[in-house]
Each structure stands twice: as C-alpha cells, then as structure tokens.
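Report on the structure given below.
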Amino acid sequence: MKFDSPATTNPIDQLNVVGKPLDRIDGPLKVSGRATYAYEWHDPAIKPAYGVIIHATIPKGRIRRMDASAASRAPGVLTVVTPESLPKLIGKLEKGKFNTATLMGGPEIDHYHQAIGLVVATSFEAARAAANLVTIEYEEKPGNFALDKLIDAAGLPKDGEPDSGVGDFEAAFAQAPVTLDQRYKTPDHSHAMMEPHATLAVWDADGLTVWTSNQMVAWGRSDLAKTLNLPEEKVHLMSPFVGGGFGGKLFLRADVVMAALGAKATGQPVKVALARPMLMNNTTHRPATLQRIRIGATREGKITAIGHESWSGDLPGGGPELAVQQTRLLYAGENRMTRTRLAVLDLPEGNAMRAPGEAPGLMALEIAIDEMAEKLGMDPIAFRILNDTQVDPEKPERPFSQRAFAEVFRIGAERFGWDKRQARPGQLRDGRFLIGHGVAAAFRNNMVTKSGARVRLGKDGIVTVETDMTDIGTGSYTILAQTAAEMMGLPIERVAVHLGDSRFPVSAGSGGQWGANNSTAGVYAACVKLREAVAKRLGINAADVSFANGEVRSGGRALSLTEAAKDGELVAEDSIEYGDLDKTHQQSTFGAHFIEVGVDAATAEVRIRRMLAVCAAGRILNPKTARSQVIGAMTMGAGAALMEELAVDTRRGFFVNHDLATYEVPVHADIPHQEVIFLDETDPMSSPMKAKGVGELGLCGVAAAIANAVYNATGVRVRDYPVTLDKLIDRLPDVA
Amino acid sequence: MKPFTYERAKSPAEAASRAAAVNNARFIAGGTNLLDLMKLEIETPAHLIDVNGLGLDTIEPTEAGGLRIGALVRNTDLAADPRVRRDYAVLSRALLAGASGQLRNKATTAGNLLQRTRCPYFYDPAQPCNKRQPGSGCSAIGGFSRQLGVIGVSEACIATHPSDMAVAMRALDAAVETVKPDGQTRTIPIADFHRLPEDRPEIDTTLDHGEFITAVTLPPPVGGQQVYRKVRDRASYAFAIVSVAAIVQPDGTGRVALGGVAHKPWRVEKAEAELPRGAKATTAALLDGAKPTEENAFKLTLVERTLSAVLMDARG
Ligand SMILES: Cc1cc2nc3c(=O)[nH]c(=O)nc-3n(C[C@H](O)[C@H](O)[C@H](O)COP(=O)(O)OP(=O)(O)OC[C@H]3O[C@@H](n4cnc5c(N)ncnc54)[C@H](O)[C@@H]3O)c2cc1C
Ligand code: SF4
C-alpha cells in the first residue's frame, strides 16, 4: 500500500481497540518466565554447548602471540576459536554494513574488549574458567582517547550534511544586542539494558539459525550473512523477545558471530552471552560530545541568529553524533548555522543510543535556551513560545505536519504550577533542600519507512499477525494486535501476534521511535488486503463492507468472520510504503518536560522531586504502553542528567567503569512521581494510523530540564554532564 | 572462576585450622563479595570453607554491658535488632545505608568487614593493580580516581574500604574477636583491624593467615545523638562518595568516623577535641595531611559540609 496522500477516515478511527490502555498481551508470558529470550531458548531438542568470548585487553595494536593450548586441554572444553583457526573454519570474516570495527578482531585490535576468540565447553563454568587460561602477547600501539585534545584535528564526517546554514549567521550574531556563546559537554553513555546481548546458534543442512536479541531482524540477518560470507537465504534469525536494547541491539554484535563460529567449529548448538563487565567496551555506546552554541536575539527576545557546533569521535570509518540536528528545526531565526565535526578516536565503537543526536543535542541546546531567556529577563517558556515556528526554518515552504509546541508548554505550565517558580535562582528552600524548577523542550522527528506484515484468518476465526518487527519491551505485540483487531472487527483476544522471525515480512524494526507508527501501518496495509479477501470469499461488495463484533456486514447482511475461513485459511500480505509527505511536510513530535529538584544545601546531592512530561506525538495507540515508554525515557533522562558517564581512561584507552556497580543508572529511590500527559492529536500525514513515536521523545530534553532546575535551585550553571555534586559543591553558600 | 573444593566447617577453631592446613583456602559466609570476585578470578581460592553452619548468628549481651554480635549475623538482622536500634543507632543506620535489601539478607558481619575495595581497576583483571597483583602498579593514580581515597593513601594504592557498617563500628569502638589456626583467641580493636595500604596494599587487615572472626563486640552504649550520613550520586544502591558517622553528646563533644576517604574507616581521636568548635576545625584536624587526586579533591570540601550538616542535625 502506498501512502502518498494524507489519511482520511479509515477503520482505525473507530477506536474500539486502538487507543485503549490495554495490558500487554505478552505480559503473562513474561511474568511467568515463558517468554523465550535468546539465552533461555529451551528447545528440548537443542542441547547447547556454552561459549565464552576471549576479549582483547589493549585498546589498539596487534596480537603477537596467542596461546590457547592450556585452554584447549581444560576440562569440558570442546574447542577454542582463535584468529588463527578462522581460515580453516570459515575463511575470512567480513565486516557487517552496520559495523565500524570487525566483530572479531585479531591479529589487529581495534578497541578494548574487542572479541578475539571463543572458548566452547560443555558447561558455562568450564568455558569461563578456560577462557582465562588463554595467554596473549600484544604489541600495543599508541592511540587517541581524549576527545578534547582532538578538536582541531576533527574533520568533516563523510556522510550526511556536516554543515548547514541560512542567511549570514556570523554577521547577525555579531549585530545582535543580546547574545550567548557557551560550550557544553556530554559524556559517553552506555545503553545498560537489562538483558545482555545473547545468542544461540545452530547449523544444519539449511544453513544457520540464530536465536538472538536484536532490534532489527533484517539488518541482523543481512549483516550476519555478509560477515560469514553466506547467502542470505542460508541465515535464519529469530528475535521474538528482547530484554531492552536502547539502540545497543540495532546491529549485529559479537555474541551472534562468535556463537555461529563456535557452533560451526564444534558441530553442535552453541550459546553465547556477553558478560556484563564486557558490555561497555565490547559493544557500542553513545559518543561523548563537545558542543558550542551561539544565540543572538533582539531585546524583545526574537532569535535572529542561532548556531550550533558539535564535535564527537569514533573509530576510523565511523560516524559522528548528530547533536545539532534538532537545532535546524526547533526554533525560528533568520540566520542559522550548524556544524558537525568528527575526530578519530580509538575508544570502542560509538553508535546510536535512544534518541541519537537529539538526546545529547538537546542536553546542550535546552540549557542554552534557558540561559538566553535569563539574559533577556524572560520566562523560559515565553521565550520558547515567542520563537516557535510552524515551518521548517531553513525551508519556510515546508510546514510542520503538526506542531503543538506552544500548547505542550501551556498545558504543562498549568498542570505543574509553573507560575510558582521563582525566576531568580536560589530562592526556595524546604528543610535541608534548595528547591528549583526547570523546563525544557522535547523534540524528535517522526521517521517513515517501509514496513511489511502478513495476516492470516484461520479456520478457528483467529487472526494471526506475522512480521519481523521486534518488541524490545515497548509493547509492539500489543499495539499490532490492537491494529489487527480494529481492522478485522475482533476483540483483541482473537488476535495472535508472532514477531522477530526473519522468515516473516520485513518490518520497520525497533529504532528511532519509528517502530510503532510504521509497523502498525504495515499491519493496517495487510489487513486492508485481508478484508478484501474476506469480502471476496463471502461474495460481498468490498466497497461498503464493515467489520465489527466478529461480523462482516454489507448492505443488510451480517456474516460471521469465521465463516470466511471455514473452507481454508485466508492469508494476506502487504507493506506500507511512503510517498513524499515527509518531504513536503516536516513530521516531528513535541513535548515539554517540567522538573522540580531538591539540592541538598550541604552535600549538593541532587534529588528529583517531581517530573511532568506533556507530549504531542500524533495518535497514541495505547496510552498504557506509551506512558511506560515515556516514564522509562524520563528515567533515562534522569540518569543522563545526574549520574551516567562512561569514565574514559585517556592513558589506557578504555571505559573504566564497565559494570553496573560503577556505571550508575537511576534506581527506584531516584525516581519520584512521574506524570505524563498526551495531547489528543492525530497526524494524517504520518500514516493511516495517524500516529508518531513517543519512545525517544520522552527522553529528549529531560536532562536539560533537570540541569535548569538545578540552576534555579542553586544559581550554579553546570554545562558539563552529569550534574554531580562535585561540580556544585564549591559554589554553594556555607552550610548555615 | 577456577574449580575449587568445598567443605562445611564444624567449629570456629576447626575452620581456622583447616584454613591454615589446606592450601589457598578461603572462608565463605554470605558469598556476596567473594563469589563475585571468584567469577572475575580476582580471588582464586582452591578450597572454600563454608562457615554458615557454625551457629555464630546471635546477638548476645556482654558482661561489660555491651553486645556481642556473632560473625554470621546478617546485616539485615543486625540493623533490625531492637538493642542495636536503641543503643547503637549509628550502626543500624549505617547498615541500612548499604547495598540493597537482598544483599543485606545474605551479607554477614564478618564478611562485611572483610569486603574488598571497589576501585574499578581492581575489578578489571587486565589492568595493573598493586592490590590485586602486587608490584604491577597502580592504575588509579593518574586515572579515574573520583571515588578513591584522599587520606592515608600511598604511592602504591589509593583505594578505599567500601563498608558502611565498619565506619559506624569504628565510631563505636567495636572490637573483633577471632580464633587462630592454633586455637588461640584474641580481640583486635577495630582501630587496628584495617590497615593503610603503605607498600603492601594487597593486605587489607591485620588478621593472620587462617585467622577466623567469631564475633564483633560493642562496648556499653555511649548515648548521644547518633547519625550516619552517606553521600552518593544516586539515592540508593551506591557506595559512599563520603560518609560520616557521628555520635554527638549534649555538651557538643563526640566522635566522628569517615567512610569513602581512606583504606580504612577514618577516625582521628584527637581531632574530636575540635568538635565543639564546629565542622571546619574538626575536618581540618581529621583530614590533616590529605593527599587527594585532582579528581577527588572535592571530597575535602564535601566532608566538611557533610559534617556541618550532621552536627546541625545532631544538635537538633
Ligand atoms: C551490588 C553490591 C552493592 C553493595 N553495596 C554496599 C554498600 O553500599 N555498602 C556496604 O557497606 N557494602 C556494600 N556491599 C558489600 C556487601 O556489604 C558485602 O558484599 C557483604 O557485606 C559481604 O559479606 P558476605 O557475608 O557476603 O561475605 P563473603 O563474600 O562471604 O566474604 C567476604 C570475605 O570475608 C571472608 N570471611 C567471611 N566470613 C569470615 C569470618 N567469619 N572470618 C574470617 N573471614 C571471613 C571471606 O573469606 C571473604 O574473603 C555491596 C555489595 C554488592 C554486591
Ligand atoms: S588504588 Fe589500589 S586497588 Fe586501585 S588500582 Fe591502585 S593499587 Fe589497585
């Protein structure tokens, strides 16, 4: 189905099932331990051996000698895969399209904890013990590990638009009566999802099957085929349940490749999970950024010049963190400039993490806006609304499809009690806490991409959805079931959903908050076909048919839907494909985050007291799962604001705090009452579902709102995340 | 984890003698620290002596009017004991500020005292660390040291002792009762129990080889306002950046011990004379001779400010 003109009224608008806050249909499986996550794939026919990865312990250089003889002789060991054993085993390993460094290194080492081998044994314990018996001599090479030393050496990234500009930024900035010129820092972040990367690999006559934990089944499959030099048809990838990904599982990772190699070498199924302390350096992370923001405005607060520059680093051949992209779209201003620069770093590979680009970009921009409002003597909400734009500021002929930017702030301000905020910092106190309030805009684009699905109407009257879409804890199972139920006029109990299997039609996958809108639209498209097939089978006119209460109605007739399949299952398959509505219109989602913090007047510990998010994100397909997405994202934003930072050892070239004891993420005690309001909105430009995404919107801006609240509480402006007590303590008043 | 053999000890004395007799043996109590370290092969015992069945899990009054806490009393039970809550509130508060409910249910009194440092380089077997591998160097000096020690540090090691419980015990003048492999018993004042790193950071305490902890005793209650204040980036489930255990009497005198700053719970008795004069004077004396790194120099200010707040709290 081609979607190339705005949606009109369609069966989804009935909202009998879609739009309802239904419980997750996969909930009972998960709480009873029957959801088949990759490492727990309990197929009684499969007796797996266990693989434990051998990791490089230098950041850069080469292996001079690797001695696995003791490991090979250790009890229970079946084989040891080493770089030397590869040629005989599989030939040369290629690199996946989405990978920057090879997933198995050796003899060259690209980064700390890069996989360089695998021990396979009859038990996990035996494999782990033997992996420590492998001795390796390295030839270490010097590397670059400090981003701030590479500002001048950073160059243009090879893809994308490194520079953008409209008007004459420099001149307008120079002439503006009120200006801000500040630098901001965001650190490297780890996805730190609960389920580590894990894979069970099995080879048979048909090729390779992997049960893994991956957000993008089609990408994973094609990159696995490419890496192992196999035809794609020989690779079958299953990822029905994913215990969190946050972008860390968008791509093929070492667990899959190493499990496949181990299984090939032993001729038996092999399981591999990444050990928690290896995750931070072995896999990808959100790259640190250094950012410079310049804003010029009239005394009345109209922005006349806005410039945003960002520097980040990655391994050779990698890409930048696109921290300036929101600045091209969020605020008005005639003279504009952005620059993205990329340095070569020898730290582990940087890549997407939830709201890549916008998350760190807004961490800086939304402090800058707060600072600018203060310079202007304006309320930060009034300043934002004054500089609202209903069109793409670089291309005024391109309107936003929907932009309830001012509205989210107005609603939020009222609900939060923003009028009680003190404009001057350091004024409010509650017992030992200095109290502050902060606000920031949330902004994230809505991306449309082709997504396919197959639907079956069985003889039993059950509609089954099949798509390679994934559910990474987001609620995909549930919203896809709601979509099919709505389309086919069934209660949700009569819909079954099967996901995450590369034999199913290719979907949008889970990433970039594009999953919900596109994958449901794909199911919509397939259901339109199924409705036609049902009408045809029942011999009724497809034009005036309606599906409700398990019945198919046309004219005065009403037939049971089950009737249509009584002589055999009906199957329909289609994809949603998009025209150029996303080119003619800018599709984005908007939000406002309101925060109250308490800063301990003595210790400078920051504790959040209240969080409110107001989101305008098109139709909310399921308010319950959507709310879960947003409160989870707000929690992640709290982490980014207050504690999350991969500490770089710039001498030794690695992330030092590589476990969950030292890389702190928020715990329950850090998260206070969270409130989420969704605007009642539909966006007919986005898809027949009229929905957009919320999973990343909920994160965008949170950290800046917290940093702004800390400023409001203390008068101390921290521009270097995370906002930890050591950055505040010297500048607080004496303990009275 | 290296393969190991396992036995259940039948008495404290036997536990100690077996620990000396069997090569590379270690006691296991709650296992919450030891097992993690074994999985990473930071600890590689060849033999484990399980001491959980020794009945050392009661809290009894002593003749002197204090309490004797069995070595195997769980942190949860110790924190909840009514006598501890009433007479040694700083201990109860310190325990509850540590780890998580699940961990405290397993963690024992002796195990807590003997938990090893949380220096991140100690936890990465590929990095030089004098504590883990004597003579290999100290990665933390000049590296990521925000969490590490500021006083009593050496050129070999700047690690901290991570326990909350031990800081309160230091303020309470607890003592550690032990039995040695030859059956001899002794009592070690808590002040002498943990060591400074000096040039032997691999040795955390003054226990002899095979020496087994049977109990920790607390002297009779000293009264006063008892406060434990733990400062950390997140609100729970994190080790202290700094912590302050204080016992403050109505006349303004008292005791202070610090966590998160040194290789042992940090208390300087003569600094306590400054308490009536306030936090600034006390901190100056407590942290006299501090050698922080660039990354953790803020701890000096933090201690002073935290102590100020604690003294204000204690004085009501
Ligand atoms: C995630 C996490 C967070 C934590 N957070 C905190 C925190 O915030 N604050 C805090 O204080 N602690 C914290 N801890 C540490 C926790 O308190 C310790 O792990 C626990 O107290 C150790 O006790 P255990 O009985 O489990 O010791 P074990 O692991 O069984 O033993 C530890 C050591 O003590 C030795 N040992 C045990 N009993 C005896 C004995 N009777 N005589 C001689 N030697 C003995 C063992 O041989 C071993 O070397 C945390 C731990 C974890 C895992
Ligand atoms: S501070 Fe101590 S524990 Fe940490 S690396 Fe140095 S020697 Fe090892």
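Quick mapping for you: the protein sequence lines, in order, are chains E and Z. The opening position of the first sequence corresponds to residue 1 in the UniProt record's numbering, with each subsequent residue numbered one higher. The opening position of the second sequence corresponds to residue 1 in the UniProt record's numbering, with each subsequent residue numbered one higher. We put the beta carbon where it would ideally sit given N, CA and C, even for glycine. Predicted model, so just to flag it, every value in this text is computed and none were measured.
Pull up the distance between the alpha-carbon of residue i and that of residue j, whole angstroms please.
| i | j | result |
| --- | --- | --- |
| Thr520 of chain E | Thr483 of chain E | 6 Å |
| Asp164 of chain Z | Met278 of chain E | 28 Å |
| Ser123 of chain E | Lys271 of chain E | 10 Å |
| Asn229 of chain E | Ser222 of chain E | 10 Å |
| Leu499 of chain E | Leu480 of chain E | 10 Å |
| Val235 of chain E | Lys450 of chain E | 22 Å |
| Val22 of chain Z | Ile46 of chain E | 41 Å |
| Val134 of chain E | Ser401 of chain E | 58 Å |
| Val455 of chain E | Thr562 of chain E | 14 Å |
| Ala225 of chain E | Met372 of chain E | 51 Å |
| Lys95 of chain E | Glu108 of chain E | 14 Å |
| Ser239 of chain E | Ala273 of chain E | 14 Å |
| Leu96 of chain Z | Pro733 of chain E | 30 Å |
| Phe3 of chain E | Ile12 of chain E | 15 Å |
For residue i, count neighbouring Cβ atoms within 10 angstroms of its own Cβ and tell me buried if that reaches 16, exposed if not.
| i | result |
| --- | --- |
| Asp600 of chain E | buried |
| Asn132 of chain E | buried |
| Glu686 of chain E | The amino acid occupying residue 686 of chain E in the given sequence is Ser; Glu does not appear at that position. It counts as buried. |
| Ile367 of chain E | buried |
| His585 of chain E | buried |
| Lys420 of chain E | exposed |
| Ser213 of chain E | buried |
| Leu156 of chain E | exposed |
| Tyr6 of chain Z | exposed |
| Arg34 of chain E | exposed |
| Asn712 of chain E | buried |
| Ala666 of chain E | Checking the sequence, you will find Pro at residue 666 of chain E rather than Ala. Buried is the call here. |
| Ala233 of chain Z | Checking the sequence, you will find Asp at residue 233 of chain Z rather than Ala. The residue in question, Asp233 of chain Z, is buried, as its Cβ has 16 or more Cβ neighbours within 10 Å. |
| Val153 of chain E | In the sequence as presented, Val is not what sits at residue 153 of chain E; that position holds Ala. Burial call: exposed. |
Quick one: does the C-beta of residue i sit closer than 7 Å to a heavy atom of ligand 3?
| i | result |
| --- | --- |
| Pro61 of chain Z | With respect to ligand 3, the structure shown offers nothing to examine, as its ligands consist of ligand 1 and ligand 2. |
Going along chain B, which residues have a C-beta under 7 Å from residue i?
| i | result |
| --- | --- |
| Arg305 of chain Z | Among the protein chains of the structure shown, namely E and Z, there is no chain B. |
Exercise for review: Can you check the segment 303-355 of chain E for any beta strand (DSSP E) of at least 3 residues that lies completely inside it and give the ranges in chain order?
Suggested key: Whole beta strand (DSSP E) segments, 3+ residues: 303-314 and 335-344.
Check your understanding: Three or more beta-carbon pairs under 8 Å between the segment 17-30 of chain E and the segment 94-113 of chain E, yes or no?
Key -> The segment 17-30 of chain E vs the segment 94-113 of chain E: no contact.
Check your understanding: At a Cβ cut of 8 Å, what residues of the segment 115-136 of chain E count as close to chain Z, listed as they run along the chain?
Key -> With the criterion set as a beta carbon lying under 8 Å from some beta carbon of chain Z, the members of the segment 115-136 of chain E are Glu125, Arg128, Ala129 and Asn132, in sequence order.
Check your understanding: Just by C-beta distance, which residues in the segment 97-127 of chain Z are closer than 9 Å to chain E?
Key -> If the cut-off is 9 Å between Cβ atoms, the segment 97-127 of chain Z has Ser100, Arg118, Pro120, Tyr121, Tyr123, Asp124, Pro125, Ala126 and Gln127 near chain E.
Practice item. Jot down the residue ranges of each uninterrupted beta strand (DSSP E) in the segment 640-701 of chain E, minimum 3 residues, whole runs only, in chain order. Key: Fully enclosed beta strand (DSSP E) runs of 3 or longer: 673-678.
Review point. Listed from N- to C-terminal order along the chain, which residues in the segment 34-57 of chain Z have their beta-carbon within a distance smaller than 8 Å of any beta-carbon of chain E?
Key: Among the residues of the segment 34-57 of chain Z, those with a Cβ less than 8 Å away from any Cβ of chain E are Lys39, Leu40 and Glu41, in the order of the chain.
Check your understanding: For the segment 219-239 of chain Z, which residues have a beta carbon sitting closer than 9 Å to at least one beta carbon of chain E?
Key -> Of all residues in the segment 219-239 of chain Z, Arg229, Val231, Arg232, Asp233, Arg234, Ala235, Ser236, Tyr237, Ala238 and Phe239 have a Cβ within less than 9 Å of some Cβ in chain E.
Exercise for review: With a floor of 4 residues, list each alpha helix (DSSP H) that falls wholly inside the segment 109-165 of chain Z, ordered by position along the chain.
Suggested key: The qualifying runs are 109-113.
Review point. Does the segment 215-223 of chain Z come close enough to the segment 646-659 of chain E that 3 or more CB-CB pairs lie under 8 Å?
Key: When C-beta atoms of the segment 646-659 of chain E are compared with those of the segment 215-223 of chain Z, fewer than three pairs fall below 8 Å, so the two segments do not count as touching.
Exercise for review: Could I get the ranges of all uninterrupted beta strand (DSSP E) runs contained in the segment 575-618 of chain E, with 3 residues as the minimum, in chain order?
Suggested key: Qualifying beta strand (DSSP E) stretches, in chain order: 588-600 and 606-616.
**Study point:** Contiguous beta strand (DSSP E) assignments of at least 3 residues, all confined to the segment 57-122 of chain E
**Key:** Assignment of beta strand (DSSP E) within the segment 57-122 of chain E, counting only whole runs of 3 or more residues, yields 61-67, 77-81 and 115-121 in chain order.
**Study point:** Given 8 Å, three or more beta-carbon pairs between the segment 181-189 of chain Z and the segment 114-132 of chain Z
**Key:** In short, these stretches do not touch, since the Cβ pair count stays below three.
Point to revise | Inter-stretch contact at 8 Å, needing at least 3 Cβ pairs: the segment 654-670 of chain E / the segment 723-732 of chain E | key: No, because fewer than three Cβ pairs between the segment 654-670 of chain E and the segment 723-732 of chain E fall closer than 8 Å, the two stretches do not touch.
Practice item. Please go through the segment 216-277 of chain Z and give each complete beta strand (DSSP E) segment of 3 or more residues, from N-terminal end onward. Key: Taking only runs of at least 3 residues, the beta strand (DSSP E) segments lying wholly in the segment 216-277 of chain Z are 225-231, 242-248 and 254-259.
Practice item. Name, going along the chain, the residues of the segment 182-215 of chain Z whose beta-carbon falls closer than 7 Å to a beta-carbon of chain E. Key: Cβ contacts with chain E come from no residue of the segment 182-215 of chain Z.
Review point. Listed from N- to C-terminal order along the chain, which residues in the segment 287-298 of chain E have their beta-carbon within a distance smaller than 8 Å of any beta-carbon of chain Z?
Key: For the segment 287-298 of chain E, no residue has a beta-carbon sitting nearer than 8 Å to a beta-carbon of chain Z.
**Study point:** Inter-stretch contact (C-beta, 8 Å, three-pair minimum) for the segment 186-196 of chain E and the segment 369-381 of chain E
**Key:** Below 8 Å, too few C-beta pairs join the segment 186-196 of chain E and the segment 369-381 of chain E to call them touching: fewer than three.
Review point. Is it true that the segment 253-265 of chain E meets the segment 354-368 of chain E, where meeting means three or more beta-carbon pairs spaced less than 8 Å apart?
Key: No, the segment 253-265 of chain E does not touch the segment 354-368 of chain E.
Check your understanding: Counting Cβ pairs closer than 8 Å, one from the segment 636-647 of chain E and one from the segment 264-277 of chain Z, do we hit at least three?
Key -> The segment 636-647 of chain E makes no contact with the segment 264-277 of chain Z, as fewer than three CB pairs between them are under 8 Å.
**Study point:** Segment contact flag, the segment 117-133 of chain Z with the segment 196-209 of chain Z, C-beta cutoff 8 Å, min 3 pairs
**Key:** These segments touch.
Practice item. Check distances from the C-beta atoms of the segment 665-697 of chain E to those of chain Z and list, in chain order, the residues that come in under 7 Å. Key: Taken in chain order, the members of the segment 665-697 of chain E whose beta-carbon sits within less than 7 Å of a beta-carbon on chain Z are Pro666, Val667, Ala669 and Asp670.
**Study point:** Within the segment 165-249 of chain E, ranges of the alpha helix (DSSP H) (whole runs, at least 4 residues)
**Key:** Entirely contained in the segment 165-249 of chain E, the alpha helix (DSSP H) runs reaching 4 residues are, in chain order, 169-175 and 217-227.
Practice item. Can you check the segment 245-275 of chain E for any beta strand (DSSP E) of at least 3 residues that lies completely inside it and give the ranges in chain order? Key: Listed in chain order, the complete beta strand (DSSP E) runs (minimum 3 residues) inside the segment 245-275 of chain E are 270-273.
Check your understanding: According to a CB-to-CB cut-off of less than 8 Å, which residues of the segment 499-532 of chain E neighbour chain Z?
Key -> Near chain Z, meaning a CB-to-CB distance below 8 Å, no residue of the segment 499-532 of chain E qualifies.
Review point. Do the segment 490-506 of chain E and the segment 458-473 of chain E meet, that is, are 3 or more Cβ pairs less than 8 Å apart?
Key: With a cut-off of 8 Å, the segment 458-473 of chain E and the segment 490-506 of chain E count as touching, because enough Cβ pairs lie within range.
Review point. Is there contact between the segment 531-541 of chain E and the segment 629-637 of chain E, where contact requires at least three CB pairs shorter than 8 Å?
Key: The segment 531-541 of chain E is not in contact with the segment 629-637 of chain E.
Exercise for review: Decide yes or no for the touch test of the segment 386-405 of chain E against the segment 346-359 of chain E: beta carbon pairs closer than 8 Å, at least 3 of them.
Suggested key: The segment 386-405 of chain E is not in contact with the segment 346-359 of chain E.
**Study point:** Stretch-stretch touch, CB-based, cutoff 8 Å, three pairs: the segment 592-610 of chain E with the segment 405-416 of chain E
**Key:** A contact is defined here as three or more CB-CB pairs under 8 Å, and the segment 592-610 of chain E meets this definition with respect to the segment 405-416 of chain E.
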